[in-house]
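2 protein chains.
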Amino acid sequence: MGDLVERLAQGLGEGAVAVDPDVTAAYAHDMAGFCEAGRPAVVVFPETVEQVRHVLRTATDLRVPVVPQGARTGLSGGANAVDGCILLSMTRMNRILEIDPVNRIAVVEPGVVNAELSRAAAGHGLAYPPDPSSWESCTIGGNIGTGAGGLCCVKYGTTSEYVLGLDVVLADGRLLTTGRRTAKGVAGYDLTRLLVGSEGTLAVVVRAVLALRPAPPPQLVLAAEFRSTDEACAAVCEVMAKGYTPSLMELMDSTTVRAVNEMARMGLPESTRALLLVAFDGPDQRREVAEVAALCDAAGASGVVPAEDRAESDLLLQARRLSLPAMERLGTTMIDDVAVPRSRLAEMLTGVAAIAERQRLTIGMVAHAGDGNTHPVVIFDAGDAEETARARGSFDEIMALGLELGGTVTGEHGVGLLKREWLARELGPVGLELQRQIKAVFDPLGILNPGKTL
Amino acid sequence: MGDLVERLAQGLGEGAVAVDPDVTAAYAHDMAGFCEAGRPAVVVFPETVEQVRHVLRTATDLRVPVVPQGARTGLSGGANAVDGCILLSMTRMNRILEIDPVNRIAVVEPGVVNAELSRAAAGHGLAYPPDPSSWESCTIGGNIGTGAGGLCCVKYGTTSEYVLGLDVVLADGRLLTTGRRTAKGVAGYDLTRLLVGSEGTLAVVVRAVLALRPAPPPQLVLAAEFRSTDEACAAVCEVMAKGYTPSLMELMDSTTVRAVNEMARMGLPESTRALLLVAFDGPDQRREVAEVAALCDAAGASGVVPAEDRAESDLLLQARRLSLPAMERLGTTMIDDVAVPRSRLAEMLTGVAAIAERQRLTIGMVAHAGDGNTHPVVIFDAGDAEETARARGSFDEIMALGLELGGTVTGEHGVGLLKREWLARELGPVGLELQRQIKAVFDPLGILNPGKTL
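Protein chains in written order, with the UniProt record's numbering: chain A, 1 to 454; chain B, 1 to 454.
Pasting the structure below:
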């Protein structure tokens, strides 16, 4: 290990190599529960592409595993240390290199925080849509690693839609440029999108060319209360079947609503079984909100409240954003991320409620309802081994239910450590074999984030 | 060969195997110029997934190359026969299996014609945006193979944005399902998008899950005449920098305008050096058209004509759609497909004009200007060997210019046979090596569309 640290230090700047066990332990895991983390040998903080190449060349020479990390806000253990690894923190490569309004692109280093890019783009009348809950702290590199989504996706899609080109360092230190700066391009296989969502198992992103969009007007939000999740989900399907394109369509169940009220005294309606938030950001937003309000009414909503203005809209969005922190006050939480076809959303919600009852647990539900992407939040007492086992069991049952309904075990959080076995079930043997062979093409020694995803 | 045909016939239906040399020769090439085609052994027309698997198992057993084909409207020789190959025509697998308005997806077989899917989607108030010029005859399988674009891309993106999941048959006959039916999903590497644009070199698509969108209102089109391509391109940049999102932004040069007038007596302004068409399809289209008209005026347009109504808009769109057939009347045509950052579009157009002058050729120019995707059309006398050589030379110079301006050698037509050498230049040695290794993962015997792309 002395040799490893010495070799790393030779090519890195002052203060870029940390071996103090307190420091390395602090970097050993992301925000996922139920995931082991190993003991890292060292944490490095490169500031240039050449330094990243040095780290990977060293790792290849010495056959040491490398775990790339952004802000470690991930929820699947993808950034967790493995024993003896180099933790490769990309947080100091955090420059926005270019914002180009004519070509509507940004060129950034991977350590740029999502919200910083959004603010910089806003300065040019532009937006970078992907907005995961952690957007104030997560990095673009991490977003690319997981293929991150957020609240915007029902209208604007996920990270994959916004990555045009990448510079990545391969496991052996070679530099690869993929993709383009142009709006279109089909030259060769789409390695860019192969890399998006690959969770640091194929290469290390050191630069990204991202598409930007014109900044939309502020959203106008409608809140609709329903007496059952079935009715709420039927309204979601109806909105989509009628051809509306909301900029956001979120669902919070009664557990979530109560938790938010408790935390922030928002005065949300606690008797509701499902609170649906629907927003529009186009020039016709008032008409659209009014029409969807009528539609929710007809679908049996017990109350429909269109926001009068931006302040009211922001308050409703804030309630949604507080859902997870609010539930974290109720116990240890374990957030899942199962997406189903939106036509199956009602069955998914009913099924999760049945799992909660069977396992005698509280499972709060927030969902990007427009995308059919549910985030069941299992709440339990981590000090109680038996309850923890039931929590873990319910987590697995939720994934099984998602697959049964034609869905996927991860809509936007990634596989990491948490869902490896489930990925294998979802892919099947042929898909799994091909994915493993592709991994071997990029990383023949298996040093890049080993044990994750596949 | 007797053995091959016999084995193929055993698993295929009546009339699904053609060996008549006149028939096989008729299927031997797509619509690309400058591309050799080999002599196929046989053309097969499977109608089921099992039949496709049978064809590929047979090909693997006998080590016979397979060239998958759609409607053979491609422009890069990607569907051209190689000597002794099986031409695998997917045109009889042409069923639309499902259109699902709630989940906004279509499930189709690969031989479905693009326009047929569009019409079927329209029956549900939905649209399948990708609209290549050949949309009335090209197939979805071919569109997936090339990653096809069209006029819609400036607002709606290309085929890659609309493919959610695929069933493909691998070279050895195994069936692989990739992707999902859900709006979001990040489970494993994105093999779906790796397959889009892979030009039949990795696998054979037998089923696709496609995303649909609500059908937009008809477009309102503005035509603006400019005295120079520089001014027209500056207007394009200004429209985009000001945050507009046109549903179409096309440029036709004077050669194109004159050819269209000659063919269809459209009465387009022949004195113009660049005719720009800009369309909007949102609820604010009248305001947007008026504002962009004023913007073009300020950018020096010599004439600005906003369409009064849908009929006028359709006429302008028809003029654009006639550009290629109109130029085909002037001689043998060779259409290129180079995309540059839109900020470099003016340089690209000036550079192509200089190439035309130096090579003493007419090169008409149509461009998806909003995307920076140019289609220089080299017009020459194919009976004149010396002129043909100059045409070929100009084609290469155009690609070199595109790369020099930070662009790509193919925006939407694909690499095929035509641009293999240029792909290698664009990718560089590291990218090329990885792409070859990925090809080997999917097709270790190299029987799938050999000699294409890589």
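Built from N, CA and C at the ideal position, the CB exists for glycine as well. These numbers were taken from a predicted model, which means no experiment stands behind them.
Measuring CB to CB, does valine 82 of chain B end up less than 8 Å from proline 450 of chain B?
yes
At a cut of 8 Å, does the region 211 to 220 of chain B reach the region 252 to 272 of chain B through at least three beta carbon pairs?
no
Distance, histidine 375 of chain A Cα to aspartate 443 of chain A Cα:
32 Å
Are proline 68 of chain A and valine 209 of chain A touching if we call contact CB-CB under 8 Å?
no
Helix or strand or just coil, what does DSSP make of glycine 197 of chain B?
coil
If we ignore side chains and look at the alpha-carbon of each, how far apart do valine 63 of chain B and arginine 420 of chain B end up?
One detail in the question is off: residue 63 of chain B reads as arginine in this sequence, not valine. Answer to the nearest angstrom: the Cα atoms are 23 Å apart.
Out of curiosity, what's the CA-to-CA distance linking residue 458 of chain B and isoleucine 363 of chain B?
Nothing in the structure corresponds to residue 458 of chain B, since chain B is present only between 1 and 454.
Complete runs of the alpha helix (DSSP H) confined to the region 63 to 143 of chain B [at least 4 residues]:
114 to 122
Distance between alanine 32 of chain B and glycine 383 of chain B (C-alpha atoms, nearest Å)
17 Å
Strictly under 8 Å for the Cβ-Cβ distance: is alanine 183 of chain A near chain B by that measure?
yes
Going along chain A, which residues have a C-beta under 8 Å from cysteine 237 of chain B?
Val102
Taking 8 Å as the cut-off, does the region 115 to 135 of chain B touch the region 164 to 172 of chain A (at least 3 CB pairs, one atom from each stretch)?
no
Taking Cβ-Cβ distances shorter than 8 Å, what residues in chain A pair up with residue 455 of chain B?
Nothing about residue 455 of chain B can be reported from this structure: the residues present for chain B run from 1 to 454 only.
Which of the residues in the region 410 to 427 of chain A, read from start to end, lie with their CB under 7 Å from any CB of chain B?
Thr410, Gly411, Glu412, Gly414, Val415, Leu423, Glu426, Leu427
Please confirm whether glycine 393 of chain B has its beta-carbon closer than 8 Å to some beta-carbon of chain A.
no
Looking at chain A, is there any beta carbon in it that lies within less than 8 Å of the beta carbon of alanine 339 of chain B?
yes
Below-8 Å beta-carbon distance, glycine 351 of chain A vs any chain B residue:
no
Whose C-alpha, out of A:Thr24, A:Gln10, A:Gly74, A:Ala232, is nearest the C-alpha of residue 468 of chain A?
The shown model of chain A, from 1 to 454, leaves out residue 468 of chain A, and the question about it has no answer.
Within 10 Å of its beta-carbon, does leucine 97 of chain A have 16 or more other beta-carbons around it, so buried, or fewer, so exposed?
exposed
Beta-carbon spacing of leucine 316 of chain B, alanine 223 of chain B below 8 Å
yes
With 7 Å as the limit, tell me which residues of the region 192 to 222 of chain A have their beta carbon closer than that to any beta carbon of chain B; keep them in chain order.
Arg193, Leu194, Val196, Gly197, Ser198, Pro214
Does histidine 413 of chain A come out as helix, strand or coil in the three-state DSSP assignment?
coil
What span of residues does the alpha helix (DSSP H) with leucine 330 of chain A cover, start to end?
It is not in any alpha helix (DSSP H) - leucine 330 of chain A carries neither H nor E in the DSSP assignment.
Distance check for isoleucine 379 of chain A and glycine 145 of chain B, CA to CA, integer angstroms please.
46 Å
What span of residues does the alpha helix (DSSP H) with threonine 24 of chain B cover, start to end?
21 to 26
Applying the 10 Å Cβ sphere with the 16-neighbour rule, what's the burial state of lysine 242 of chain B?
exposed
Could you name the residues of chain A that aspartate 284 of chain B contacts, counting a contact when the two beta carbons are closer than 9 Å?
Gly282, Pro283, Asp284
Following the continuous alpha helix (DSSP H) through alanine 259 of chain A, name the residue where it begins and the one where it ends.
254 to 264
Since residue 530 of chain B meets chain A, which of its residues come closer than 9 Å, beta carbon to beta carbon?
It is not possible to answer for residue 530 of chain B, since the shown part of chain B is limited to 1 through 454.
Identity of the residues DSSP links to proline 376 of chain A by a beta bridge:
A:Met365
Can you pull the chain A neighbours of aspartate 309 of chain B, defined as C-beta to C-beta under 8 Å?
Result: empty, since nearest Cβ-Cβ is about 21 Å, beyond 8 Å.
Report yes or no: is there a C-beta of chain A within less than 8 Å of the C-beta of glutamate 161 of chain B?
yes
Step through the CB atoms of chain B and report whether any lies within less than 8 Å of the CB of cysteine 152 of chain A.
no
Within 8 Å (strictly less), CB to CB, does serine 133 of chain A reach chain B?
no
So, glycine 407 of chain A versus methionine 249 of chain A, is the Cβ gap smaller than 8 Å?
no
Starting from methionine 252 of chain B, find everything on chain A with Cβ-Cβ shorter than 8 Å and list it in chain order.
In chain order: nothing, as chain A lies at least about 19 Å away.
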